[in-house]
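Notes follow the structure.
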Amino acid sequence: MKNSKYILGLLFILGIAFTACDKDDPVIPEEPELITTLNYYLTPVDGGESIIMSFQDLDGDGGNAPIITSATLASNQMYNGRLELLNEVDSPAEDITEEIAEEDEDHQFFFQTDISDLSINYSDEDDNGNPVGLSTTLSTGAAGAGTITITLRHEPSKSEAGVSNGIITNAGGETDIEVTFSVNVE
Amino acid sequence: MWNKIFVHIFLWLFISINVNGQDCEYSVKGYVFDETSQSALAYVNVFIQETQTGTTTDDGGKFILNNVCAGHYHFIISHIGCEDEKFHFDIFKDTIINIGLSHTPTSLGTVIIAGKKNDFYNQANLYVKRNIIEDNSNHNLSGLLENETGVHLIKNGSGISKPVVQGLYGNRLAILNNGVLQSGQQWGNDHSPEIDPFSSDKITVLKGASAIEYGGGNLGSVILSEPKRIEREPHLHGQVNYIFDSNGRGHTLNSRIEKYGSKLAWRINGTLKKSGDKKSADYFLNNTGAEEANFSVQLEKSWNEKFFLDVYGSTFNTRLGILRGSHIGNLTDLEQALTNDVPFFTEPDFSYQIEAPKQQVSHHLLKTKSKYFFTDNNFLEFVIAGQINDRKEFDVRRSGRTDIPSLSLSQYSLNLNLKYEHLFDKEWKLKVGNQHIVTDNTNNPETGILPLIPDYLSYKNGLFSTLSKKMNRTYFNIGLRYDYEQQTVLTISNSVPREIIRFENTFNNFNGLLGIKYEISTAQSIGWNIGYAMRNPAINELYSNGLHQGVSGIEEGDIGLKIEKAIKNTIEYKWVPSSNFAINVLAYHQLFNDYIFLNPQDEIRLTIRGAFPVFKYEQTDANIFGVDVSSQFTISDSFLGLIKYSYLRGTDVTNDQPLIFMPPNSLFGSLTYRAHKSIRLSSKWNLEDVEVEISNRLVFEQTNIFAEQDFIAPPNTYNLVGLKLSTNLLFPHTKLRLFLKADNLFNISYRDYLNRQRYFADDIGISITSGINIKF
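In order, the protein sequence lines correspond to chains A and B.
Taking numbering that gives the first Met the number 0, the leading residue of the first sequence gets 0, the next gets one more, and so forth.
Taking numbering that gives the first Met the number 0, the leading residue of the second sequence gets 0, the next gets one more, and so forth.
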């Protein structure tokens with residue numbers, strides 16, 4: 000009985016001691032996977048100044064609303080498109096585009112638009128000959144206005160019907176990026 | 000289901016002195032009666048295991064076994080509607096044994112916690128006993144409670160489930176493993192309680208005033224999972240259980256052995272489980288396998304029948320796959336998933352493979368309990384327990400990061416409980432206690448993602464006292480409880496650059512309960528309970544911040560939340576006119592002020608991954624009203640019927656709309672046939688207790704919800720039929736139990752409102768389970 004009383008007392012003190020400790024500051028995690036910025040560079044095939052559409056959300060999911068930069072395109076023009084993904088929380092900014100390029104079989108960008116004469120085609124492919132979408136060609140027709148939605152799917156079913164032609168319906172997978180730009184064609 | 004019928008046996012042993020000179024001419028006579036109605040029970044099987052001899056009681060409840068030799072024997076008593084009871088007895092003279100069986104259904108159980116005197120619980124408690132645990136432990140702890148009156152399950156697929164009692168769950172429901180409040184990430188609806196059901200002999204749902212002792216939630220119930228004390232038997236005893244489940248091709252293997260040694264009593268228990276992809280009626284549910292490995296050690300020692308010391312250690316380890324098709328990116332993905340009949344990533348073949356998304360959880364407990372009896376009527380109990388809970392959740396990620404958890408939490412907790420119990424004369428019973436709980440929760444920064452739940456240190460101190468008294472036909476029970484909680488919370492800001500923000504909170508909560516039960520006659524009783532309770536907001540309700548992958552929504556806490564208050568009234572009526580019929584009706588009403596709930600917002604949050612629904616923790620005034628009815632009846636001596644009905648309605652009073660995520664109404668019925676006589680296979684092989692049970696569970700559509708409160712309409716009403724065959728084979732030193740059962744016999748495809756994966760996939764189809772249990 001005496002022993003158990005000692006133990007009892009000891010544990011009680013332990014309990015108090017435990018509570019007296021202060022909680023250490025948490026380690027702020029590195030966020031290597033975070034994508035804060037998407038840039039879509041469009042360079043006219045027959046020369047001229049590049050156009051950039053960009054979506055930038057520096058503080059991640061919550062906090063401030065993202066900054067979206069839309070673009071005005073010339074009518075009846077052909078552009079070479081290039082996508083760039085960045086994590087700008089880190090400085091210098093980390094280039095996520097390389098990660099996608101390395102895992103190109105598991106990723107595909109989709110481009111959807113409601114502008115009738117505008118079309119976007121893939122100009123790259125992965126090791127299996129399926130499109131990725133980091134490089135594209137964009138061609139405009141008559142003047143008009145509308146939106147372009149760029150979606151990045153992780154682990155899509157690239158062999159499903161229509162997927163390699165850029166039709167998202169049967170793609171499945173999860174969405175890593177989905178941003179919409181309003182676009183004018185003049 | 001047959002096995003959901005609960006029984007309690009009280010034994011009175013009388014010995015008549017009539018010493019006989021010859022060794023093998025003793026007789027064992029007895030009388031078996033129903034504890035509640037005091038009437039004789041016919042067709043009760045009485046069996047002596049060592050001699051392989053047995054008999055059945057006559058219409059007057061009497062039995063006689065002649066020509067019994069002197070020796071140590073194990074008696075097995077079994078009857079329709081009752082659990083088999085085994086006891087050890089030495090025969091050295093003619094002996095008379097009177098046996099009282101508590102032959103009533105679950106919720107009509109009388110006294111559940113063994114003690115020197117009956118506890119004056121004045122509200123029905125449910126309990127699941129060992130035989131049900133043995134026949135169903137291919138499921139997890141919550142799964143065992145599924146068919147109980149008033150208990151529902153929140154599921155996340157087939158492997159993860161949490162109990163809901165009278166509409167309350169999560170932070171409002173306390174789970175005690177072996178007398179210690181289970182720590183861990185209980186707030187998550189996609190987190191199962193980390194307890195091995197095989198380590199338990201009895202799982203109790205406490206609904207009444209007795210729950211105040213455990214300080215659980217806000218007048219929510221308390222679920223106790225307890226091993227029984229090691230039986231005072233000098234022999235080594237044990238059992239082996241093996242269950243095979245056709246759905247998921249799941250194997251469950253459990254073994255336990257125990258001995259009441261002269262110096263120390265001990266029991267060890269180990270369980271291994273492995274299952275693969277479950278199958279709905281039409282397709283495999285990809286990545287829904289599970290693995291589990293559990294082990295526990297229980298030691299008991301006593302000194303002079305005054306001082307008792309128990310040590311209990313357990314480890315629980317699991318790896319659970321989450322349906323691959325339920326892991327979605329954003330609102331667009333969700334909308335697409337909702338329109339798909341078959342989930343994305345469905346594979347044509349079965350697999351045991353568990354890939355991301357998955358959960359990997361370990362829970363370890365070490366507990367010592369010391370109990371000192373000053374006299375027979377008062378004792379002091381001290382419990383100290385440490386728990387480690389380690390949870391890792393893995394999502395499908397880029398660049399090989401799938402192997403890095405996207406949620407990684409370690410929680411340490413220390414419980415110190417002190418309790419004093421005193422039984423005064425005239426049946427006054429006083430309990431006083433103090434509980435300290437220290438919880439240290441830390442995010443491991445390996446995730447590379449801002450944590451959903453912050454790091455925190457919380458300190459809780461609770462003081463309680465209950466007083467109960469029996470006066471003639473009336474039982475009184477009064478309880479008071481005070482809780483103090485201090486939280487130190489360290490959050491990481493959403494803004495750039497990231498900053499650490501420190502919060503200090505203190506809360507004071509009061510709880511009070513009053514219960515009265517009146518026995519109108521021996522067959523009828525009525526009880527009333529009223530309780531007031533306060534619950535401070537939990538860490539997740541205050542500080543959640545970010546994307547909850549499991550539910551694909553952005554969850555935001557509110558640091559301005561106030562203490563939630565509630566008043567709950569319960570009325571219960573029991574009627575047991577004979578051993579052939581019993582009915583129990585329980586109605587409850589709980590009125591909440593500042594009820595905390597996760598409210599879906601109109602706002603859609605735009606992120607680079609697209610739009611996400613936003614859920615915020617908010618407060619409202621609410622009420623929950625429900626009625627549970629259960630009845631048991633015998634149609635003839637061989638047929639036992641059981642009916643259970645649960646009705647529940649939750650209302651958000653402030654916004655004049657239904658409360659979301661409340662259990663739908665349900666009706667359960669079963670009919671069991673039991674053969675009176677054993678079936679003789681050969682001179683040595685007898686099939687005892689042959690039973691056939693057919694059961695039916697009807698779950699109604701949740702109609703008490705507005706269309707705009709959810710992404711899709713609640714699933715339709717569904718009806719599941721089950722069939723079970725079981726029998727026992729008795730040998731001189733071994734008992735073998737065999738069972739075969741089918742759940743969802745007609746392989747219907749259905750979805751359940753409380754299963755979060757109903758957005759993506761059907762619930763599981765037919766499952767045929769076979770099991771073998773060997774006791775020695």
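Cβ atoms here follow ideal geometry from the backbone N, Cα and C, with glycine treated the same way.
(message) residue 299/B and residue 229/B - do their beta-carbons sit closer together than 9 Å?
(response) Mapped onto the second sequence, residue 229/B falls at position 230. Mapped onto the second sequence, residue 299/B falls at position 300. Cβ atoms of residue 229/B and residue 299/B: closer than 9 Å.
(request) Within the same chain, show all residues whose beta-carbon is closer than 6 Å to that of residue 232/B, passing over the 5 residues directly before and after it, in chain order. (result) If you number the second sequence from 1, residue 232/B lands on position 233. The residues are 87, 259.
(message) Using 9 Å as the threshold, is the C-beta distance between residue 306/B and residue 372/B below it?
(response) Locating residue 306/B in the second sequence gives position 307, where the first residue counts as 1. Locating residue 372/B in the second sequence gives position 373, where the first residue counts as 1. Taking 9 Å as the Cβ cut-off, residue 306/B and residue 372/B qualify as a contacting pair.
(request) Quick one: give me the first and last residue of the alpha helix (DSSP H) that residue 542/B is part of. (result) Numbered from its first residue, the second sequence carries residue 542/B at position 543. Taken as a continuous stretch (DSSP letters only), the alpha helix (DSSP H) holding residue 542/B covers 538–542.
(request) Go ahead and pull the three-state DSSP assignment for residue 112/B. (result) As a first step, residue 112/B must be located in the second sequence, where it is residue number 113. Note that residue 112/B scores 25 on pLDDT, short of 50, meaning its location in the model is unreliable; the coordinates nonetheless yield the value given after this. Three-state DSSP puts residue 112/B in coil, outside helix and strand.
(message) Please report the distance separating the alpha-carbon of residue 386/B from that of residue 202/B.
(response) Within the second sequence, the letter at position 387 stands for residue 386/B. Within the second sequence, the letter at position 203 stands for residue 202/B. So the two alpha carbons sit approximately 20 Å from each other.
(message) Determine, for residue 184/B, whether the minimum Cβ-Cβ distance to residues of chain A falls below 9 Å.
(response) Position 185 of the second sequence, counting from 1, holds the residue named residue 184/B. Not closer than 9 Å to any Cβ of chain A, the Cβ of residue 184/B fails to qualify, so no.
(request) Let me know the beta strand (DSSP E) ranges lying completely inside the region 689–750 of chain B, each 3 residues or longer, listed in chain order. (result) 717–729, 734–742
(message) For residue 190/B, count the other beta carbons within 10 Å of its own beta carbon; 16 or more makes it buried, fewer makes it exposed. Which is it?
(response) What you label residue 190/B is simply residue 191 of the second sequence in a count that begins at 1. So residue 190/B counts as buried.
(request) Kindly confirm or deny that the region 49–60 of chain A and the region 108–124 of chain A touch, where touching means at least three C-beta pairs closer than 8 Å. (result) no
(message) Please list, in chain order, the residues of the region 318–343 of chain B that have any C-beta partner in chain A closer than 8 Å.
(response) 326, 327, 328, 329, 331, 332, 343
(message) 9 Å is my cut-off, CB to CB: does residue 177/A come that close to chain B?
(response) Residue 177/A sits at position 178 when you count from the first residue of the first sequence. Chain B, which has a Cβ nearer than 9 Å to the Cβ of residue 177/A, makes this yes.
(message) Could you check whether the Cβ of residue 755/B sits closer than 9 Å to any Cβ belonging to chain A?
(response) Residue 755/B sits at position 756 when you count from the first residue of the second sequence. Judged by the 9 Å Cβ criterion, residue 755/B is not in contact with chain A.
(message) Quick check on residue 272/B: buried or exposed, where buried means 16 or more other Cβ atoms within 10 Å of its Cβ?
(response) As a first step, residue 272/B is located in the second sequence; it is residue number 273 there, counting from the start. Looking at its Cβ environment, which holds 16 or more other Cβ atoms inside 10 Å, residue 272/B is buried.
(request) Kindly list, in the order they appear in chain A, the residues whose Cβ is closer than 7 Å to that of residue 387/B. (result) Here the question's residue 387/B lines up with position 388 in the second sequence. Within chain A, no residue comes near residue 387/B; the closest Cβ sits about 14 Å away, beyond 7 Å.
(message) Just to make sure I have the definition right: I need the residues of chain A whose C-beta is within less than 7 Å of the C-beta of residue 456/B. Which are they?
(response) The residue labelled residue 456/B in the question sits at position 457 within the second sequence. Simply 22.
(message) I'd like to know whether the C-beta atoms of residue 673/B and residue 76/B end up nearer to each other than 9 Å.
(response) Mapped onto the second sequence, residue 673/B falls at position 674. Mapped onto the second sequence, residue 76/B falls at position 77. Cβ atoms of residue 673/B and residue 76/B: not closer than 9 Å.
(request) Output, in chain order, the set of chain B residues within a Cβ distance shorter than 8 Å of residue 58/A. (result) Mapped onto the first sequence, residue 58/A falls at position 59. Near residue 58/A (Cβ distances below 8 Å), the residues of chain B are 493, 494, 495.
(message) Please identify, using Cβ separations under 8 Å, the residues of the region 436–464 of chain B that lie next to chain A, in order along the chain.
(response) 437, 439, 441, 442, 444, 445, 446, 447, 448, 449, 450, 453, 454, 455, 456, 458
(request) Could you give the DSSP three-state label for residue 99/A: helix, strand or coil? (result) Residue mapping note: residue 99/A aligns to position 100 of the first sequence, counting from 1. Residue 99/A falls in the helix class under three-state DSSP.
(message) Considering only their Cβ atoms, is the gap separating residue 630/B from residue 693/B smaller than 9 Å?
(response) The residue labelled residue 693/B in the question sits at position 694 within the second sequence. The residue labelled residue 630/B in the question sits at position 631 within the second sequence. Against a cut-off of 9 Å, the Cβ pair of residue 630/B and residue 693/B comes out as no contact.
(request) Whole angstroms is fine: what's the gap from residue 106/B's alpha carbon to residue 465/B's? (result) For the purposes of this step, residue 106/B is identified with residue 107 of the second sequence, where counting begins at 1. For the purposes of this step, residue 465/B is identified with residue 466 of the second sequence, where counting begins at 1. Reliability fails at residue 106/B, whose pLDDT of 31 lies under 50, so the model's placement of it is uncertain and no value is given.
(request) Measure the alpha-carbon distance for residue 486/B versus residue 375/B and round it to whole angstroms. (result) Within the second sequence, residue 486/B is the residue found at index 487, counting from 1. Within the second sequence, residue 375/B is the residue found at index 376, counting from 1. The alpha-carbon atoms of residue 486/B and residue 375/B are separated by roughly 41 Å.
(message) Does residue 319/B pass the burial test, meaning 16 or more other C-beta atoms within 10 Å, or should it be called exposed?
(response) Walking along the second sequence from the start, residue 319/B turns up at place 320. When all chains shown are included, residue 319/B counts as buried.
(message) I'd like to check one pair, residue 644/B with residue 710/B: are the Cβ atoms closer than 9 Å?
(response) Taking the first residue of the second sequence as 1, we reach residue 710/B at position 711. Taking the first residue of the second sequence as 1, we reach residue 644/B at position 645. Their beta carbons are not under 9 Å apart, which means residue 710/B does not touch residue 644/B by this criterion.
(message) Can you pull out the residues from the region 147–168 of chain A whose beta carbon lies closer than 7 Å to at least one beta carbon of chain B?
(response) 153, 154
(request) Might you give, ordered along the chain, the residues of its own chain that have their beta carbon closer than 7 Å to the beta carbon of residue 103/B, omitting 5 neighbours on each side? (result) Your numbering for residue 103/B matches position 104 in the second sequence. At residue 103/B, the pLDDT of 48 sits below 50, so the modelled position is not reliable; the number obtained from the coordinates is stated separately. 35, 575, 581, 631, listed in sequence order.
(message) Residues of chain B with CB closer than 8 Å to the CB of residue 91/A, please, in chain order.
(response) Taking the first sequence and counting its residues from 1, the one referred to as residue 91/A is at position 92. Chain B residues near residue 91/A: none, gap ~14 Å exceeds 8 Å.
(request) Counting only the same chain and skipping the five closest in sequence on each side, list residues whose C-beta sits under 6 Å from that of residue 177/A. (result) Here residue 177/A refers to the residue found at position 178 when the first sequence is read from its first residue. Closer than 6 Å at the Cβ level, and outside the excluded window around residue 177/A, lie 150.
(message) Contact criterion: CB-CB distance below 9 Å. Does residue 761/B meet it with respect to chain A?
(response) Here residue 761/B is taken as the residue at index 762 of the second sequence, counted from 1. Output row for residue 761/B: interface = no.
(request) Would you mind telling me which residues of chain A sit closer than 9 Å to residue 94/B, beta carbon to beta carbon, in chain order? (result) The residue you call residue 94/B lines up with position 95 of the second sequence. What residue 94/B touches in chain A: nothing, since even the nearest Cβ is about 39 Å away.
(message) Does residue 336/B come out as helix, strand or coil in the three-state DSSP assignment?
(response) In the second sequence, counting from the first residue as 1, residue 336/B sits at position 337. Note: residue 336/B maps to helix in three-state DSSP.
(message) For residue 637/B and residue 143/B, what's the separation of their Cα atoms in angstroms?
(response) To locate residue 637/B, count along the second sequence from 1; it is residue 638. To locate residue 143/B, count along the second sequence from 1; it is residue 144. Going by the C-alpha atoms only, they are around 26 Å apart.
(request) Return the bridge partner residues of residue 454/B from the DSSP annotation. (result) Taking the first residue of the second sequence as position 1, residue 454/B is located at position 455. Residue 454/B is bridged to 489/B.
(message) So that I know if they touch, is there some Cβ in chain A lying closer than 9 Å to that of residue 605/B?
(response) Position 606 of the second sequence, counting from 1, holds the residue named residue 605/B. Taking Cβ atoms only, chain A reaches closer than 9 Å to residue 605/B, which makes this a yes.
(message) When you compare the CB of residue 41/A with every CB in chain B, is at least one pair closer than 9 Å?
(response) Here the question's residue 41/A lines up with position 42 in the first sequence. Not one chain B Cβ lies under 9 Å of residue 41/A.
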